[in-house]
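Number of protein chains: 2
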Amino acid sequence: MMISFAIVEDQPELRRNLVEWLNRAPGLNCVGAYPTGEEALKQLPTLYPDVVLMDINLPGMGGIQCVSRLKQLLPETDVIMLTTYDNAEMIFDSIRAGATGYLLKNQPREELLQALQQVHAGGSPMSLKIARKVFNHFQTPAKHGSEIEQLTNRELEILRLLTKGYLYKEIAETLKVALATIQTHVAAIYKKLHVHSRTEAAMKFAGKE
Amino acid sequence: MMISFAIVEDQPELRRNLVEWLNRAPGLNCVGAYPTGEEALKQLPTLYPDVVLMDINLPGMGGIQCVSRLKQLLPETDVIMLTTYDNAEMIFDSIRAGATGYLLKNQPREELLQALQQVHAGGSPMSLKIARKVFNHFQTPAKHGSEIEQLTNRELEILRLLTKGYLYKEIAETLKVALATIQTHVAAIYKKLHVHSRTEAAMKFAGKE
DNA sequence: TGAGGTCTCACATGTTTATTTGATGTCACC
DNA sequence: GGTGACATCAAATAAACATGTGAGACCTCA
Chain V
7 MMISFAIVED
17 QPELRRNLVE
27 WLNRAPGLNC
37 VGAYPTGEEA
47 LKQLPTLYPD
57 VVLMDINLPG
67 MGGIQCVSRL
77 KQLLPETDVI
87 MLTTYDNAEM
97 IFDSIRAGAT
107 GYLLKNQPRE
117 ELLQALQQVH
127 AGGSPMSLKI
137 ARKVFNHFQT
147 PAKHGSEIEQ
157 LTNRELEILR
167 LLTKGYLYKE
177 IAETLKVALA
187 TIQTHVAAIY
197 KKLHVHSRTE
207 AAMKFAGKE
Chain W
7 MMISFAIVED
17 QPELRRNLVE
27 WLNRAPGLNC
37 VGAYPTGEEA
47 LKQLPTLYPD
57 VVLMDINLPG
67 MGGIQCVSRL
77 KQLLPETDVI
87 MLTTYDNAEM
97 IFDSIRAGAT
107 GYLLKNQPRE
117 ELLQALQQVH
127 AGGSPMSLKI
137 ARKVFNHFQT
147 PAKHGSEIEQ
157 LTNRELEILR
167 LLTKGYLYKE
177 IAETLKVALA
187 TIQTHVAAIY
197 KKLHVHSRTE
207 AAMKFAGKE
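So, in structure tokens, the structure goes:
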């Protein structure tokens, strides 16, 4: 079974080397190589590659945005991100944008080859550290729960209304207490949650309870 | 560098086979093998294993709960879950409970060996399908949202910062534009989302994107 | 070339929020 | 009968926010 792939990478040397090296592998067929996201978006939709290797640091539109658009045009195509850094934000932005795999550039080429095959076999290849970060991302939200538990019932009640965007005034009316009381409670909530604004508090509360 | 590990698995045959097979590998040293989570929790805290292989389907407390407690007692120990099924709920419950890796049982033993080494090297080994599911988990909430899609990229960028609780001033500095520009964008965002405060916007945005 | 969308900035006004200090009354618990 | 946690209220200030109007620069697309 032949896997067709394309590469988006702005460094000419690296791009050519990768194409050449990967093409040598049996079962792989390169159908395109582009220096920018814009160029790739123009050409790829008619080529229907199985997999695209996408550099994140592209001049112009950037790799993440490119993935986002590419997936709209070619939902069936899998995209593997390539990057030098293991920045957490970039990882999750990429995944959200539709990336299927995420690899660091400083890895042996054999792994890149494996990754291509893995993607095509229904997997999501990622580098060691990336995998760990992804796992950790699920674990952190459990920690915030503890702070919420510090709140009294009254404070929880108020936080619920804060989260819905009620004005202090409206909360006061709803609970039939003075505005000043709400202010005091809010201050207490912020202190316990270690935040300094309604939105931060709401975000900590979101999903919980 | 010697990696010490333990196994929690209720099927006696499988348990013995795994211990025997893994012990044969250079660099691996089995310090314990238990049929139940209860037994493991009693013995393991004094043994400080580097890695624990944990069956999910355990009689009694179950593997996921066992991980949860084990990680409280031994935060430094990595746990790899072993299971026959790739049920999504179990995967995420396990990860939240503190698992560092997640493997399907029907895999070649070489992969199990690799997984042990990967965990110790800072990775999070998972089977092909598991990895894909984990990735998909991030993407699904991104699907055809709502009013959020009306936002321009710039507005999204600002909304992201708003959601994190940044002050207008800080957003302006971050994006290197004037405070007035942020105000204008925020007004545009509120209009498109039909809200009148930062928190309401943040709540509509939460999870989405 | 002109219309429409986006991003940028300025000026202005009133409202809301965040934070502090301090005080009162209630209830439970030792 | 005192201690502590909780809910309530007051007063005051600085900061931040929500909202409006207007306007120049740029790009794209018809």
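So the sequence lines, in the order shown, correspond to chains V and W. Per our numbering, the very first residue in the first sequence carries number 7; after that it's consecutive. Per our numbering, the very first residue in the second sequence carries number 7; after that it's consecutive. Every residue, glycine too, gets a C-beta built ideally from N, C-alpha and C.
Check: What are the boundary residues of the alpha helix (DSSP H) that includes ASP99(V)?; Outcome: 94 to 103
Check: Going along chain V in order, which residues have a C-beta closer than 7 Å to the C-beta of LEU134(W)?; Outcome: GLN124, ALA127, GLY128 and GLY129
Check: If you drop the 5 nearest sequence neighbours on each side, which residues of the same chain put their C-beta closer than 8 Å to that of ILE86(W)?; Outcome: VAL57, VAL58, LEU59, MET60, ALA105, THR106, GLY107, TYR108, LEU109, ALA121, LEU122, VAL125 and PRO131
Check: What residues from the stretch 73 to 102 of chain W come within 7 Å of chain V, judged by C-beta to C-beta, listed N to C?; Outcome: PHE98, ILE101 and ARG102
Check: Need the endpoints of the beta strand (DSSP E) that LEU162(V) sits in, please.; Outcome: Run containing LEU162(V): none in the beta strand (DSSP E); it sits in the alpha helix (DSSP H), 159 to 169.
Check: With H, G and I counted as helix, E and B as strand and the rest as coil, what does DSSP make of THR180(W)?; Outcome: helix
Check: Would the stretch 8 to 20 of chain W and the stretch 178 to 194 of chain V be scored as touching if the rule is three or more Cβ pairs under 8 Å?; Outcome: no
Check: Of all Cβ atoms in chain W, is any one closer than 8 Å to the Cβ of THR169(V)?; Outcome: yes
Check: May I ask you to list the residues that DSSP assigns as paired with ASN35(W)?; Outcome: SER10(W)
Check: Please list the terminal residues of the continuous beta strand (DSSP E) segment that includes GLY107(V).; Outcome: 107 to 110
Check: Tell me which residues share the same chain as GLU153(W) and place their Cβ nearer than 8 Å to its Cβ, disregarding the 5 neighbours each side in the sequence.; Outcome: LYS198, LEU199, HIS200 and LYS210
Check: Compare the Cα-Cα distances from GLY66(V) to each of TYR40(V), ARG30(V), MET8(V) and LEU173(V) and report the closest residue.; Outcome: TYR40(V)
Check: Please work out which residues of its chain come closer than 6 Å, Cβ to Cβ, to GLN49(W), disregarding the five sequence neighbours upstream and downstream, and give them in chain order.; Outcome: GLY38
Check: Please check if any C-beta of chain W sits within less than 8 Å of the C-beta of GLN145(V).; Outcome: yes
Check: Do you know how far the Cα of ILE136(V) is from the Cα of THR89(V)?; Outcome: 11 Å
Check: Shorter than 8 Å from the beta carbon of THR180(W) to some beta carbon of chain V?; Outcome: no
Check: With 8 Å set as the bound, which would you pick, yes or no: does the beta-carbon of ARG138(V) sit closer than that to a beta-carbon of chain W?; Outcome: yes
Check: Distance cutoff 8 Å, beta carbons only. Does ALA212(W) sit that close to anything in chain V?; Outcome: yes
Check: Do PRO55(W) and PHE98(W) have their beta-carbon atoms positioned less than 8 Å apart in this structure?; Outcome: no
Check: If I measure Cβ to Cβ from ALA103(W) and keep anything under 6 Å in the same chain, skipping five residues before and after, which residues do I get?; Outcome: ILE70, VAL73 and SER74
Check: For THR80(W), name the three-state secondary structure that DSSP assigns.; Outcome: Going by the sequence as given, residue 80(W) is Leu instead of Thr. Three-state DSSP puts LEU80(W) in coil, outside helix and strand.
Check: Distance check for TRP27(W) and ASN35(W), CA to CA, integer angstroms please.; Outcome: 11 Å
Check: Quick check on TYR172(V): buried or exposed, where buried means 16 or more other Cβ atoms within 10 Å of its Cβ?; Outcome: buried
Check: Smallest Cα separation from TYR174(W): which of ILE188(W), LEU64(W), TYR196(W) and ASN29(W)?; Outcome: ILE188(W)
Check: Is the Cβ of PHE11(W) closer than 8 Å to any Cβ of chain V?; Outcome: no
Check: Would ALA208(W) and THR205(V) qualify as a contact pair, given that the criterion is a beta-carbon distance under 8 Å?; Outcome: yes
Check: Measuring CB to CB, does SER133(V) end up less than 8 Å from GLN113(V)?; Outcome: yes
Check: Leaving aside the five residues before and after HIS191(V) along the sequence, list all residues of the same chain whose C-beta is less than 7 Å from its C-beta, in chain order.; Outcome: ARG160, GLU161 and ILE164
Check: Output needed for ASN142(V): all residues of its chain with C-beta closer than 8 Å, excluding positions within five of it in sequence on either side, in chain order.; Outcome: none
Check: Are the beta-carbon atoms belonging to LEU47(V) and LEU76(V) less than 8 Å from one another?; Outcome: yes
Check: Interface residues of chain V around PHE206(W) at Cβ under 7 Å?; Outcome: Sequence check: residue 206(W) is Glu here, not Phe. Under the 7 Å cutoff, chain V gives GLY171.
Check: Quick one: list the residues of chain W neighbouring THR42(V), beta-carbon separation under 9 Å, in chain order.; Outcome: Those within 9 Å of THR42(V) in chain W number zero; the least Cβ separation is about 17 Å.
Check: Rounded to a whole number of angstroms, what is the C-alpha to C-alpha distance between LEU64(W) and LYS111(W)?; Outcome: 14 Å
Check: Alpha carbon to alpha carbon, what distance is there between ALA194(V) and ASN23(W)?; Outcome: 57 Å
Check: Beta-carbon of THR209(W) versus every beta-carbon of chain V: anything under 8 Å?; Outcome: Note that residue 209(W) is Met in the sequence shown, not Thr. So yes, MET209(W) belongs to the interface.
Check: Using 10 angstroms around the beta-carbon of LEU79(W), count the other beta-carbons present and answer buried if the total reaches 16, otherwise exposed.; Outcome: exposed
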